[in-house]
Amino acid sequence: MERWHNKLAVVTGASGGIGAASARAMLAAGLRVVGLARREAKLKELKESLPSNLKSKFIPLRCDVSNEDQVQSSFDWIERELEGPDVLLNNAGITRETELVTPGNTKKLREVIDTNVMAVIWCTRAAFNNMLKRDVEGHVLIINSIAGQQVLNFIDVLPSFNIYPATKFAITALTETYRQEFQLHTKKVRVTGICPGAVNTNIFPEEIHFYVKDMARLQPENIADAVLYALRTPPHVQIHDITIKPMGELF
1 MERWHNKLAV
11 VTGASGGIGA
21 ASARAMLAAG
31 LRVVGLARRE
41 AKLKELKESL
51 PSNLKSKFIP
61 LRCDVSNEDQ
71 VQSSFDWIER
81 ELEGPDVLLN
91 NAGITRETEL
101 VTPGNTKKLR
111 EVIDTNVMAV
121 IWCTRAAFNN
131 MLKRDVEGHV
141 LIINSIAGQQ
151 VLNFIDVLPS
161 FNIYPATKFA
171 ITALTETYRQ
181 EFQLHTKKVR
191 VTGICPGAVN
201 TNIFPEEIHF
211 YVKDMARLQP
221 ENIADAVLYA
231 LRTPPHVQIH
241 DITIKPMGEL
251 F
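Under the UniProt record's numbering, the first residue of the sequence shown is numbered 1, with each subsequent residue one higher.
So, in structure tokens, the structure goes:
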């Protein structure tokens, strides 16, 4: 991790779960971290919970990544004040309880698409072009899901995940597209997709908690370990996909 010492990482959805765990792990590994999230108070709580020697290395920045203008203004600020990111962790993701066939649910579906897909596109576009301009070794990581590998069988097990698997299948395609596009412009920026199984986070809506409370699940720190593993590999190594499942997972 020496080459990442004091380099800058941007983490979306950093206020809790995988994002917060990954921010902690990268800070402990010597990086500086800008944490993006809608919940500014939670970002400040994370900063206050850090060891005193790491507090100054964490920069909380309120940003709703489902809003393109907020994403662009945040990355403009990061470039202006901090030069720009060397690492981007696209972590923000949501689900909504509905079914694809439910009338009048367009707002819910668009919220998931904008957060899970469009935010990745907006953040990666901004981060990559900054990396390209500065001619740095960079790494873009995307938290995908096993739902991006298979549409989970929810009949008699869980409520429908509706548009969520489609957004994660999109991330699977985007990750490969980024690998190819990055190579058109530079050999210095890598991309890695990480596909966890069930993780003990608050991504599930309250209505689904009843169904998942006894399910085998990973901890957010397990995914943070995978983030560090991908970052640790030599610059010529392309860790394209990592799939992580808890022992005893149903799917």
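Virtual Cβ for every residue (Gly too), placed ideally from N, Cα, C.
Considering only DSSP beta bridges, list what His139 is partnered with. His139 is bridged by DSSP to Val87 and Arg190.
Our contact map puts Val199 next to Leu228 with C-beta atoms below 8 Å; I'd like the distance itself, whole angstroms only. With a Cβ gap of about 16 Å, Val199 and Leu228 do not count as contacting.
Pairwise C-alpha distance: Pro51 and Thr95: Thr95 and Pro51 have their C-alpha atoms some 32 Å from each other.
Among Pro103, Ala147, Thr243 and Val189, the one whose alpha carbon lies nearest that of Tyr164: Considering only alpha carbons, the answer is Ala147.
Would Asn130 and Ser22 qualify as a contact pair, given that the criterion is a beta-carbon distance under 8 Å? No.
If you compare alpha carbons, which of Lys42, Gln72, His185 and Ile78 is closest to Lys7? That would be Ile78, whose Cα lies nearest to the Cα of Lys7.
Per-residue burial, Ser49 [other beta carbons within 10 Å of its own, 16 or more giving buried]: Classification for Ser49: exposed.
Inspect the beta-carbon positions of Ala226 and Ile194 and report whether they are closer than 8 Å. Yes, they are a contact pair.
To the nearest angstrom, how far is the alpha carbon of Met1 from that of Ala224? Met1 and Ala224 have their C-alpha atoms roughly 14 Å apart.
Do the segment 32-39 and the segment 99-114 touch if we need at least three Cβ pairs shorter than 8 Å? The segment 32-39 vs the segment 99-114: no contact.
Cβ atoms of Val87 and Ala29: under 8 Å apart, would you say? In this structure, Ala29 keeps its C-beta atom at 8 Å or more from the C-beta atom of Val87.
Proximity winner among Met26, Lys245 and Val136, relative to Asn144 (alpha-carbon distances): Considering only alpha carbons, the answer is Lys245.
Exposed or buried, Gly248, counting other C-beta atoms within 10 Å across all chains shown (16 or more means buried)? Gly248 is exposed by the Cβ-count criterion.
Span of the alpha helix (DSSP H) around Gly35: Per DSSP, Gly35 is not a residue of any alpha helix (DSSP H); the beta strand (DSSP E) it occupies stretches across Arg32 to Ala37.
What residue from Asp135, Leu158 and Leu31 has the CA that sits closest to Pro99's CA? The amino acid occupying residue 99 in the given sequence is Glu; Pro does not appear at that position. Restricting attention to Asp135, Leu158 and Leu31, the CA atom closest to the CA of Glu99 is found in Leu158.
Residue closest to Gln149, alpha-carbon to alpha-carbon, out of Arg24, Asp241, Val11 and Thr12: Among Arg24, Asp241, Val11 and Thr12, the Cα nearest to that of Gln149 belongs to Asp241.
Taking 7 Å as the limit between beta carbons, can you name the residues of its chain near Thr186, skipping five residues before and five after? Taken in chain order, the residues that qualify are Leu132.
In chain order, what residues of the same chain lie with their CB nearer than 6 Å to the CB of Gly197, ignoring the 5 residues before and after it? Result list for Gly197: Ile146, Lys245, Pro246 and Glu249, in chain order.
Do Ser15 and Leu54 have their CB atoms nearer than 8 Å? No; because the gap between Cβ atoms is not below 8 Å, this pair is not in contact.
Close-in-space but distant-in-sequence residues of the same chain around Val136 (CB under 7 Å, 5 per side omitted): Around Val136: Asp86 and Lys188.
Mind checking whether Phe75 and Ala119 have CB atoms under 8 Å apart? Contact: no.
Taking only three categories from DSSP, how would you classify Val65? Here Val65 sits in coil by DSSP.
Using only CA atoms, which one of Glu81, His139 and Phe251 lies nearest to Met26? Among Glu81, His139 and Phe251, the Cα nearest to that of Met26 belongs to His139.
If we count the other Cβ atoms within 10 Å of its Cβ and call it buried at 16 or more, is Leu184 buried or exposed? By the neighbour-count definition (other C-beta atoms within 10 Å, threshold 16), Leu184 is an exposed residue.
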